[in-house]
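J.: Residue numbers (full-length UniProt numbering): 1 to 559.
Shown next, in the form of structure tokens:
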């Protein structure tokens, strides 16, 4: 149905050309909250089913596939064409009644074929083509997800199905497909209960139905259904999962749009759902999903199917749209370090700050929280704080996230300048410093280390950091750190994290420092001793991270 879409935004806020995407069977929209993921689904649906495109905020253009006459008639029209009847009386042989589940309309075939042969040139939103495509479009969102499992009318089971339940009741192959997925997930057998006259209800049975007993009305069948759990008594997560699976399998739509399918689901079930629903899609279908779940996304990428992942962002600087290729996502899933700290969650945040250790992460995150609570502009909105194992592995996290277009700051203690060679090269490569600048940064690191080495009996990290230097050497050091900060590498100028907020009288030992400083900072904002943001110190340091993250043309993010 659809070949490609073009977004209004490009890979950075200043892009003059929007991202153009050749569509695969599955496209997943990810990104922070309020970035346009759900809006993209709404715009796709209205563009395809109503021809409405004038009010689009996210999409610039959708390219439809051109349909030949035989394809229109054999693959599209015949599947939803309704037989002649008193209710469906055609004007002439050039007309047909089409519809899905009793939502019927008469269309003019010559006009349909004309529009289908050149759909991208249609200027009139009222086209029979759009109505026909609407019959092949399914949208699931937070409003209708839980209602999908409500009892549905049985209808005349000798005629065409009138809803998904009656279709599953008639089609054993489809029902078995649904039942297999449900059993794999919950170890219960999904059955359709016809004992409520005129309606079909869903139940979950601990006993496998034998010999189609669930379709019968015998006393044995009634007892079977009585012992099974009515679906309304299941959890919202179970109901949402089953409702989505039934809709995808029974509906057989060609364009499927699902908004936050992970709602109501715990992480394991989110992963399972992502893996299942992407396995149902074929090359002739287009599945668009908006998600805010790392677990769901990981499930999606498990299947060997064409998959586009588009990260959308929106903030005061503007909006972006960027394709995340699976080869760049794989390190986030396969690298033990990245997997152990949940780095996949970074895809759903505006920005990331990576620290050397867990205590560093906890402290800087608390500083940022207090800045945000005070509505201080130095705070970083929508930021995920992650920790590495040491200063070397900080860049193992920073680099792959920046490759995905995620603004990621690395914070390291001042002793990062101690080692040259491959260790220092890892820093320069991790922040995407231009290759031509590498030699000068290597030279300046070496000069700075020599300046600290001349100070006998003092350790640059524990005994004062930048303040150990005087005059031009101190200026040189501050300039060097400033240049690094322009690429999102923040070096602790006071030496190490334990030296921040030195006005607080606490034990600065490594083992007790974090607990001591948190106790001293307080947890009740109503008390006078509660430590609030102030000028200078660590508050300004986090402000530097915020400044780089919010810069519209920040350095260190690859194209």
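We put the beta carbon where it would ideally sit given N, CA and C, even for glycine. Being a predicted model, the structure only gives us computed values, none of them experimental.
Report yes if the CB atom of residue 354 is closer than 9 Å to the CB atom of residue 385, and no otherwise.
T.: What you label residue 354 is simply residue 354 of the chain shown in a count that begins at 1. What you label residue 385 is simply residue 385 of the chain shown in a count that begins at 1. For residue 354 and residue 385, yes; Cβs fall inside 9 Å.
J.: Are there three or more Cβ pairs, one per stretch, closer than 8 Å when the region 8–18 is compared with the region 319–330?
T.: Remark: three or more beta-carbon pairs, one from each stretch, lie closer than 8 Å, so the region 8–18 and the region 319–330 are flagged as touching.
J.: In the DSSP assignment, find the unbroken alpha helix (DSSP H) run with residue 448 in it and report its ends.
T.: Start at 1 with the first residue of the chain shown, and residue 448 comes out as number 448. Per DSSP, residue 448 belongs to the alpha helix (DSSP H) from 438–453.
J.: Under three-state DSSP, which class holds residue 2?
T.: In the chain shown, counting from the first residue as 1, residue 2 sits at position 2. If DSSP states are grouped into helix, strand and coil, residue 2 belongs with the strands.
J.: Kindly confirm or deny that the region 336–349 and the region 386–406 touch, where touching means at least three C-beta pairs closer than 8 Å.
T.: yes
J.: Looking at C-alpha atoms only, which residue of 242, 557, 20 and 312 is the closest neighbour of residue 434?
T.: Against the chain shown, residue 434 aligns to sequence position 434. When each option's Cα is compared against that of residue 434, the closest is 557.
J.: Which runs of the alpha helix (DSSP H) fall wholly inside the region 174–237 and span at least 4 residues, in chain order?
T.: 219–227
J.: Applying the criterion that 16 or more other CB atoms from any shown protein chain within 10 Å of the CB defines a buried residue, is residue 330 buried or exposed?
T.: For the purposes of this step, residue 330 is taken as the residue at position 330 of the chain shown. Classification for residue 330: exposed.
J.: Assuming residue 411 and residue 360 make a contact with CB atoms under 8 Å, what is their CB distance in whole Å?
T.: Working through the chain shown from its first residue, we reach residue 411 at position 411. Working through the chain shown from its first residue, we reach residue 360 at position 360. Residue 411 to residue 360, Cβ: 7 Å. Contact.
J.: Is residue 133 closer than 9 Å to residue 564 when the C-beta atoms are compared?
T.: No information on residue 564 is available, as it lies outside the stretch 1 to 559 that the chain covers here.
J.: Excluding the 5 residues flanking residue 297 on each side, which residues of the same chain have their C-beta closer than 8 Å to its C-beta?
T.: Indexing the chain shown from 1 puts residue 297 at position 297. These residues qualify, in order along the chain: 28, 30, 274, 291, 309, 344 and 347.
J.: Excluding the 5 residues preceding and the 5 following residue 67 in the sequence, name in chain order all residues of the same chain whose CB lies nearer than 6 Å to its CB.
T.: The residue given as residue 67 occupies position 67 in the chain shown. So the list reads 116, once near-sequence residues are dropped.
J.: Whose CA, out of 454, 370, 402 and 272, lies closest to the CA of residue 532?
T.: Along the chain shown, read from residue 1 onward, the residue named residue 532 stands at position 532. Residue 370 is the option with its Cα nearest to residue 532.
J.: At 3 residues or longer, and completely inside the region 354–437: list those beta strand (DSSP E) runs for me, N to C.
T.: 383–387 and 408–412
J.: Excluding the 5 residues preceding and the 5 following residue 493 in the sequence, name in chain order all residues of the same chain whose CB lies nearer than 6 Å to its CB.
T.: Position 493 of the chain shown, counted from the start, is the residue given in the question as residue 493. Contacts found: 465 and 466.
J.: To which residues of the same chain is residue 559 closer than 7 Å at the C-beta, ignoring the five residues directly before and after it?
T.: If you number the chain shown from 1, residue 559 lands on position 559. Cβ neighbours of residue 559 beyond the five flanking positions: 11.
J.: Check the C-beta distance from residue 109 over to residue 94 and give it rounded, since I have them as a contact under 8 Å.
T.: The sequence position of residue 109 within the chain shown is 109, counting from 1. The sequence position of residue 94 within the chain shown is 94, counting from 1. Right, the Cβ-Cβ distance comes to about 5 Å (below 8 Å), so this counts as a contact.
J.: Please state whether DSSP places residue 310 in a helix, a strand or coil.
T.: As a working mapping, residue 310 is identified with position 310 in the chain shown. Here residue 310 sits in strand by DSSP.
J.: Ignore the nearest five residues each way along the sequence and tell me which others in residue 24's own chain have a CB closer than 8 Å to its CB.
T.: Working through the chain shown from its first residue, we reach residue 24 at position 24. If we look at residue 24 and ignore the five residues flanking it on each side, its Cβ neighbours are 305, 306, 307 and 308.
J.: Let me check understanding here. Comparing Cα to Cα, which of 60, 376 and 177 lies closest to residue 535?
T.: As a working mapping, residue 535 is identified with position 535 in the chain shown. Among 60, 376 and 177, the Cα nearest to that of residue 535 belongs to 376.
J.: Smallest Cα separation from residue 182: which of 171, 158 and 208?
T.: Your numbering for residue 182 matches position 182 in the chain shown. Nearest C-alpha to residue 182: 208.
J.: Roughly how many angstroms separate the alpha carbons of residue 51 and residue 4, rounded to a whole number?
T.: Within the chain shown, residue 51 is the residue found at index 51, counting from 1. Within the chain shown, residue 4 is the residue found at index 4, counting from 1. If I take the Cα positions, the gap works out to 16 Å.
J.: Residue ranges of each alpha helix (DSSP H) run of no fewer than 4 residues wholly in the region 32–82, ordered along the chain?
T.: With a minimum length of 4 residues, the continuous alpha helix (DSSP H) runs that stay inside the region 32–82 are 37–50.
J.: Only counting runs of 4 or more residues, tell me where the alpha helix (DSSP H) segments fall wholly within the region 231–316, in order along the chain.
T.: Those alpha helix (DSSP H) runs which fall completely within the region 231–316 and span 4+ residues are 236–251, 267–279 and 294–300.
J.: Please look up how many angstroms separate the CB atoms of residue 45 and residue 139, rounded, as I've assumed it's under 8 Å.
T.: In the chain shown, residue 45 corresponds to position 45, counting from 1. In the chain shown, residue 139 corresponds to position 139, counting from 1. With 8 Å as the limit, residue 45 and residue 139 qualify as a contact, their Cβ atoms being about 5 Å apart.
J.: What first and last residue would you give for the beta strand (DSSP E) that runs through residue 100?
T.: Counting from 1 along the chain shown, the entry for residue 100 is found at position 100. Counting along the chain, the beta strand (DSSP E) containing residue 100 begins and ends at 95–100.
J.: Compute the distance between the beta-carbons of residue 562 and residue 146, then report whether it is under 9 Å.
T.: Look at the range of the chain in this structure, 1 to 559, and you will see that residue 562 is not part of it.
J.: Are residue 478 and residue 537 close, meaning C-beta to C-beta below 9 Å?
T.: Within the chain shown, the letter at position 478 stands for residue 478. Within the chain shown, the letter at position 537 stands for residue 537. No, Cβ-Cβ distance for residue 478 and residue 537 is not below 9 Å.
J.: Note down, in chain order, each residue of its chain lying with its Cβ closer than 7 Å to the Cβ of residue 468, except the 5 sequence neighbours on either side.
T.: Looking up residue 468 in the chain shown gives position 468. Once the five neighbours on either side are set aside, the close Cβ partners of residue 468 are 452, 455, 458 and 460.
J.: Looking at the structure shown, is residue 562 part of a helix, part of a strand, or coil, going by DSSP?
T.: Absent from the structure is residue 562, since the part of the chain shown begins at 1 and ends at 559.
J.: Could you give the DSSP three-state label for residue 568: helix, strand or coil?
T.: Since the first residue shown for the chain is 1 and the last is 559, residue 568 is missing from the structure and cannot be characterised.
J.: Among all the DSSP beta bridges, which residues are the ones paired with residue 138?
T.: In the chain shown, counting from the first residue as 1, residue 138 sits at position 138. 256, per the DSSP bridge assignment.
J.: Return yes when the Cβ of residue 262 is within less than 9 Å of the Cβ of residue 572, no when it is not.
T.: Residue coverage of the chain in this structure runs from 1 to 559, which leaves residue 572 outside it and unanswerable.
J.: Assuming the contact rule is C-beta atoms closer than 8 Å, residue 314 and residue 36 should be a hit. Round their C-beta distance to whole Å, please.
T.: Taking the chain shown and counting its residues from 1, one reaches residue 314 at position 314. Taking the chain shown and counting its residues from 1, one reaches residue 36 at position 36. Indeed, because the Cβ distance is near 6 Å, the residues count as touching under 8 Å.
J.: For a quick check, are the C-beta atoms of residue 379 and residue 497 less than 9 Å apart?
T.: Indexing the chain shown from 1 puts residue 379 at position 379. Indexing the chain shown from 1 puts residue 497 at position 497. Taking 9 Å as the cut-off, the beta carbon of residue 379 is found no closer than this to the beta carbon of residue 497.
J.: What would DSSP say about residue 319, mapped onto helix, strand or coil?
T.: Counting from 1 along the chain shown, the entry for residue 319 is found at position 319. Looking at residue 319 - three-state DSSP - the assignment turns out to be strand.
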